[in-house]
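Counting from 52, one number per residue, gives the positions in the sequence shown under this note's numbering. Let me begin by presenting the structure, written as structure tokens, before commenting on it.
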Amino acid sequence: MEREWWKKAIIYQIYPRSFNDSDGDGIGDLTGIRKKIGYLEYLGIDAVWLNPVYDSPNVDNGYDVRNYRKIMDEFGTMEEMEQLIRDLHDRGIKLIMDFVPNHTSDQHRWFQRSKTSQNSEYRGYYIWRKGNNGEPPNNWQSLFGGSAWRYDDKTGEYYLHLFSEGQPDLNWDNPNVREEFYEIMRWWLGKGIDGFRLDVVNLISKNPSLPDDSTDKSTNPGSKYYVNGPKIHRYLQEMNEEVFLGSDTVAIGETPFVSTGEASKYISSSRNELDMIFHFDFVDFDRANGGLWELPRDWDLTELKRIMTKWRDVASCHDGWNATYLGNHDNPRIVTRYGNDGKYRRESAQVLGTLLLTISGTPFIYQGDELGMTNYNFSSLDQVKDVRTKKGFEEMKQKGNVDNFEEVEDIVSFWCRDNARTPMQWSGEEKGGFTDGEPWLNVNPNKNRVNVETEKLDDNSVLSYYRELISLRKENDALIYGDYELILEDDESIFAFLRIGSKNTMMTLLNFTSEKTKLCLTKKETLRRKELLLSNYSVKSVDEFNNIELMPWEARLYEVCLNDKN
Ligand code: NOJ
């Protein structure tokens, strides 16, 4: 197996708007990030994935790019970006930029020109179509709500936007579009960055006849005609050849709705498409009826185990590699979602950290999860900035499904993407040490308890525990390259697995409940404990493996002996 740097890297995701504000405008910026490189070193991570920092009108916080070769004014300048790359590299940290190939901002020069006339040389950069008897060209729905088409008065046609109206979809069937992108990507690589996270990259190839979605009654009409579209693999192979070939960089695709079959094509190393993908099984499985306007459904730990195991198998069977994440800027805070953000906030955040950092695949830590940051309780729509929530709410109102915010307060408080975007909590100061000004999004009131300064001083904190986990992962090849084997498969309380390396074997035991739980290892004849490497409780007893009781949300990591192997 090739041992590229990104296989053993621990990657930390920075949402720049909310990380650290250096100039008091209430918005995080590049200099703010530079000032916290010491923290990244202290944490021990190897690479940063930076959400978009390009010039943007911010309809969707930077995922609507106006100019790919310019930095957003609020974040700083290109000189500061170059300085950030140098400073990170000086400290041995790599930088992965977010890149948005599926759509631009409607203020991008290409779109502005494409709007001027049906004959514009840029018309073919986007997907323009005539209406259908006064209706949009087809019944596809935007992933943010409402029709995926917007009518333009001037030229009398509609353009496709799978996200907001401010994010027109590009036409990847146009070779000029592809060449523009490869050129921009090479330009960025020339600045010394170490790779890209490619936003919704499996949506770039649309079925060119844009058919009505008559059979699909699912929550996302149209998706079967644009997810993993007809030419997607060809375009990714072309991109690989044009941009990545021969370089030591990484390409990580964000791939919503991806099946394991399709995924194996994206990541199989012999196909030269992507190095890793973010699948959505882990972050979509608890949606009730697939949607975001209901509270999450009840779920069972065995479902999570099955998902993790299924994806491990996809990677190992196809000579590919997994990207492992539990949360990001589009999802609720992991401790609220999968853990217990009340009495066992600390312990359950540590359990989730142990899962992330000991299971197979490259781990992506989302900023603030290493502190156990929680969801925010939104009590009015004014507190919400997320375009997906705002548009979704408007649509619900129009359809008469809801009259006022109070009716959906709990739902928004659970799902809203702003939960993950509240400012990073550096200290217990009024604005959490994030800014001297007025933060663009409210700071979570629990900043008094949950913040870097306090957690640094406490040996038992979530932060201290993450640091230990990170250094353990680095010291143990078994946690990086070892085979993954699920044990206690049907246990609904304990997530347990082995990582079997060439020199040693690790065993992770995680109690996913708020009760003390006994466990009985089915492999007890073959397992012999060697050493407890880490736990979030002080484990005093010398239990034998056939008689272990885990405390509520207890995590343990052992190095073990397998009788038949090491
Ligand atoms: C996925 C990004 O993670 C999300 O934040 C964004 O809204 C959509 N892609 C559209 O670019």
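Positions of the beta carbon are idealized from the N, C-alpha and C atoms, including for glycine.
The beta strand (DSSP E) enclosing residue i, as first and last residue numbers
i      : result
Ala374 : 374-376
Trp200 : 200-203
Asn562 : 556-562
Gln64  : 62-65
Lys145 : 145-150
Thr300 : Here Thr300 belongs to no beta strand (DSSP E), and DSSP marks it neither H nor E.
Val611 : 606-613
Met327 : 327-329
Leu570 : 568-570
Asp335 : Looking at the DSSP string, Asp335 is not in any beta strand (DSSP E); the run it does join, the alpha helix (DSSP H), is 332-335.
Phe548 : 545-551
Thr413 : 413-417
Asp534 : 534-538
Ile462 : Careful: Ile462 lies outside any beta strand (DSSP E), inside the alpha helix (DSSP H) at 460-466.
Tyr209 : 208-211
Leu601 : 599-601
The alpha helix (DSSP H) enclosing residue i, as first and last residue numbers
i      : result
Ala366 : 352-368
Val590 : From DSSP, Val590 is part of no alpha helix (DSSP H); its letter is neither H nor E.
Val513 : 513-526
Glu481 : No alpha helix (DSSP H) contains Glu481, which DSSP labels as neither H nor E.
Leu81  : 81-86
Phe162 : 160-165
Ile318 : 311-318
Val503 : 503-508
Trp56  : 56-59
Cβ-Cβ separation, residue j to residue i (assumed contact under 8 Å), whole Å
i      : j      : result
Asp97  : Ile61  : 5 Å
Arg629 : His159 : This structure does not reach residue 629, given that the chain is present from 52 up to 617, and the question cannot be answered.
Leu601 : Asn555 : 23 Å between Cβ atoms; not a contact.
Leu194 : Asn71  : The pair is not a contact, with the Cβ atoms about 30 Å apart (cut-off 8 Å).
Asp224 : Pro259 : 6 Å
Leu287 : Leu325 : 6 Å
Leu346 : Gly443 : Rounded, the Cβ-Cβ distance is 15 Å, inconsistent with contact.
Leu560 : Leu570 : 7 Å
Asn502 : Gly484 : 7 Å
Ala374 : Ile416 : About 12 Å; that fails the 8 Å criterion.
Trp372 : Arg248 : Not a contact, Cβ separation roughly 15 Å.
Ser320 : Asp392 : The Cβ separation is near 39 Å, so there is no contact.
Arg388 : Asp437 : Wrong, their Cβ atoms sit about 16 Å apart, outside the cutoff.
Leu377 : Leu403 : 6 Å
Pro474 : Ser69  : 5 Å
Val301 : Ile147 : 6 Å
Ser156 : Ser107 : 6 Å
Asp306 : Val252 : In the sequence under discussion, the amino acid at residue 306 is Thr, which differs from the Asp named in the question. Right, their Cβ atoms sit about 7 Å apart.
Pro67  : Asn102 : 6 Å
Leu139 : Ile178 : The pair is not a contact, with the Cβ atoms about 37 Å apart (cut-off 8 Å).
Buried versus exposed call for residue i [16 or more other C-beta atoms within 10 Å across all chains shown]
i      : result
Thr128 : exposed
Trp604 : buried
Glu566 : exposed
Gln401 : buried
Leu488 : Reading off the sequence shown, one finds Gly at residue 488, where the question assumed Leu. Classification for Gly488: exposed.
Ser431 : exposed
Asp420 : buried
Gly113 : buried
Thr440 : buried
Trp339 : It should be pointed out that residue 339 corresponds to Ala in this sequence rather than to Trp. Ala339 comes out exposed.
Gly241 : exposed
Gln418 : buried
Ser310 : exposed
Arg633 : Residue 633 lies beyond the stretch modelled for the chain, which goes from 52 to 617, so this question has no answer here.
Asp149 : buried
Tyr90  : buried
Ser553 : exposed
Thr486 : buried
Leu406 : buried
Glu481 : exposed
Lys394 : exposed
Gln476 : buried
Pro188 : buried
Asn170 : exposed
Can you list the residues near the ligand HEM, meaning Cβ strictly closer than 5 Å to any non-hydrogen atom, in the order they appear in the chain? The ligand HEM is absent from the structure shown, which contains only the ligand NOJ.
Fully enclosed by the region 94-137, which beta strand (DSSP E) runs are 3 residues long or longer? As far as the region 94-137 is concerned, its whole beta strand (DSSP E) runs of at least 3 residues are 98-101, 118-122.
Could you tell me which uninterrupted alpha helix (DSSP H) segments, each at least 4 residues in length, are contained entirely in the region 228-300, listed from first to last along the chain? Runs found: 274-277, 283-290.
For a minimum of 4 consecutive residues, which ranges assigned as the alpha helix (DSSP H) are wholly contained in the region 385-454? For the region 385-454, whole alpha helix (DSSP H) runs of length 4 or above, ordered along the chain, are 385-388, 396-409, 438-449.
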